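In full-length UniProt numbering, the protein residues as written are 1 to 265. The beta-carbon is built from N, C-alpha and C at its ideal position, and this holds for glycine as well. This structure is a prediction, so every number in the text was calculated from the model and none was measured.
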């Protein structure tokens, strides 16, 4: 119940601050009784799950624009989403008729956090295991705070889980499969994700389904801006400099925009 009220507040905040490309609050009602409190949020989705794509171009445009939404959410409203997954990304229906409208919609603010308010449990894990980032889930004693970067790293994982199985799920033989086995604990999944830092990354790219063949360069570009900003050293941390944040958002949006243009030709 508290989560619904928190989400309602955050959606009001995003609307007031003109955040671009996220679900919009239409109405909210809360009914208190002697034994239970019921709440209902009416929000505008107007899209379909990204896994229900018709063309690969739809996926590329959708992911590009939901990263733009994520950037607006953080830079304009000072909010971290904290649960980027393929279930929370929609392909916008509006984009079919208006080439200038956003092509993707970011939904589900249940785990979102206003960074201007100190969290009660700053080191608690929230989100979807499959897309949880290495630094947060490795389980070391040196715990780290959720920042803007984990949301972007999760987008990278969403792209891989689109490119390898396509509409379906990763096969039991896939190198991505251990990332989504729910009985594994957080540190085990974090360790498996380190495949992206080694030659094993090429084996993941070799699994791309037919529709995503030719987008291996995009995967490399996303990996490099996230994990190899200094070229040689594998990096999973966050620079708190706002200029570095803007640079990272722009680099990932630019990487998607490049392949969008190429796939339109």
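Among residues of its own chain, excluding the 5 on either side of residue i, which ones have a beta-carbon nearer than 7 Å to its beta-carbon?
i: residue 53; result: 59 and 91
i: residue 177; result: 170 and 171
i: residue 226; result: 152, 153 and 156
i: residue 195; result: 175, 201 and 204
i: residue 76; result: 17, 18 and 19
With 16 other CB atoms within 10 Å as the buried threshold, where does residue i fall?
i: residue 12; result: exposed
i: residue 33; result: exposed
i: residue 133; result: buried
i: residue 223; result: buried
i: residue 31; result: exposed
i: residue 261; result: exposed
i: residue 67; result: buried
i: residue 15; result: exposed
i: residue 146; result: buried
i: residue 193; result: buried
i: residue 161; result: buried
i: residue 117; result: exposed
i: residue 240; result: exposed
Whose C-beta lies closer than 6 Å to the C-beta of residue i among residues of the same chain, with five residues either side of it excluded?
i: residue 62; result: 50, 91, 103 and 104
i: residue 130; result: 179 and 180
i: residue 126; result: 82 and 111
i: residue 243; result: none
i: residue 258; result: none
i: residue 114; result: 79
Using only alpha-carbon positions, find the residue among the options that is nearest to residue i.
i: residue 249; options: 55, 227 and 70; result: 70
i: residue 218; options: 55, 64 and 24; result: 64
i: residue 79; options: 192, 17 and 208; result: 17
i: residue 188; options: 109, 237 and 136; result: 136
i: residue 206; options: 145, 173 and 138; result: 173
i: residue 100; options: 193, 21 and 186; result: 21
i: residue 108; options: 115, 86 and 253; result: 86
i: residue 252; options: 229, 55, 162 and 213; result: 229
i: residue 166; options: 150, 46 and 215; result: 215
i: residue 46; options: 88, 73 and 7; result: 88
i: residue 23; options: 29, 106, 7 and 74; result: 106
Say the cut is 7 Å; is the CB of residue i nearer than that to a heavy atom of the ligand HEM?
i: residue 166; result: As far as ligands go, the structure on display features none, and thus does not contain the ligand HEM.
Which same chain residues, not among the five before or five after residue i, have their C-beta less than 8 Å away from its C-beta?
i: residue 48; result: 90, 91 and 93
i: residue 264; result: 57
How do the region 191–203 and the region 241–255 stand: do at least 3 beta-carbon pairs fall below 8 Å, yes or no?
The count of Cβ pairs closer than 8 Å, one atom from the region 191–203 and one from the region 241–255, stays below three, leaving the stretches out of contact.
Mind pulling the alpha helix (DSSP H) runs of 4 or more residues that sit fully within the region 194–245?
DSSP assignment within the region 194–245 yields the following whole alpha helix (DSSP H) runs of 4 residues or more, N-terminal first: 200–205 and 216–227.
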